[in-house]
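In the working numbering, the protein residues as written are 43 to 297.
Below, the structure written as structure tokens:
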């Protein structure tokens, strides 16, 4: 199925990614290479400790139309991403690349994501690539286009060949340095409050859960915001992360 030109595209991407010095450098090189060789310019690079955690990445690398789409995705769709549903996930596990156009039976969650989010933003070709990162981490690359035929059978075959080789590079990249814990100076009680803020609880709900007065919780929240330099509960939630652990630093500038 693949032609000489397809192999050349794969080699070109690999050549540009082979000298990457870190995960952020690899992500930037990969997205630039995909734009130049496969003409895929609306792309994302999410990462996380696990495959599912990658969808909650608060600071992904974004290209093309995706920066404008990300706030909505993060608020409404990150826990309903089609690639985290059964059939697309099976394809990603087996082949590292899945196009939603090849999935015959999308479940309700995947169909809502496709029609209510991607199509509404004018992107009708929706493909994902799974990559393994250092320390057991997982990367999820989103490849999108206005043309529903942008990723056909040949492109899928080439991307699957590419993904197999990219995984050799990506999983052997230097492990990222541990970032300082931004909550390290907080008392255990304030850390508990910050974690509950990150879960979206109100002051009243936090007070009920921790058996505190609501005014006391309000003081804890205010002092935690001041100590961390956050200007709002939303900023604190992003800093803490969805699991009560500090969220990762931004790895690259949005393009």
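We treat Cβ as the ideally placed atom computed from N, Cα and C, and that holds for glycine.
C-alpha distance - residue i paired with residue j, whole-angstrom precision
{"i": "residue 142", "j": "residue 227", "result": "46 Å"}
{"i": "residue 252", "j": "residue 241", "result": "14 Å"}
{"i": "residue 90", "j": "residue 217", "result": "13 Å"}
{"i": "residue 233", "j": "residue 275", "result": "14 Å"}
{"i": "residue 66", "j": "residue 279", "result": "23 Å"}
{"i": "residue 170", "j": "residue 257", "result": "47 Å"}
{"i": "residue 230", "j": "residue 116", "result": "28 Å"}
{"i": "residue 181", "j": "residue 268", "result": "33 Å"}
Cβ shell of residue i (< 8 Å), same chain only, five flanking positions each side left out
{"i": "residue 202", "result": "137, 138 and 139"}
{"i": "residue 107", "result": "84, 163, 164, 165 and 186"}
{"i": "residue 154", "result": "122"}
{"i": "residue 301", "result": "Beyond the ends of the chain as shown, which are 43 and 297, falls residue 301; an answer cannot be given."}
8 Å Cβ cutoff met for residue i and residue j
{"i": "residue 71", "j": "residue 51", "result": "no"}
{"i": "residue 273", "j": "residue 212", "result": "no"}
{"i": "residue 215", "j": "residue 53", "result": "no"}
{"i": "residue 82", "j": "residue 55", "result": "no"}
{"i": "residue 235", "j": "residue 259", "result": "yes"}
{"i": "residue 97", "j": "residue 87", "result": "no"}
{"i": "residue 149", "j": "residue 127", "result": "yes"}
Simplified DSSP assignment, three categories, for residue i
{"i": "residue 99", "result": "coil"}
{"i": "residue 174", "result": "strand"}
{"i": "residue 189", "result": "coil"}
{"i": "residue 168", "result": "strand"}
{"i": "residue 266", "result": "helix"}
{"i": "residue 158", "result": "helix"}
{"i": "residue 131", "result": "helix"}
{"i": "residue 86", "result": "strand"}
Residue i, buried or exposed, once every other Cβ within 10 Å from all chains shown has been counted against 16
{"i": "residue 197", "result": "buried"}
{"i": "residue 289", "result": "For residue 289, the predicted model reports a pLDDT of 48, less than 50, meaning its position is unreliable; a value from the coordinates is still stated below. Burial call: buried."}
{"i": "residue 179", "result": "buried"}
6 Å CB neighbourhood of residue i in its chain, flanking five on each side removed
{"i": "residue 129", "result": "145"}
{"i": "residue 95", "result": "none"}
{"i": "residue 177", "result": "217"}
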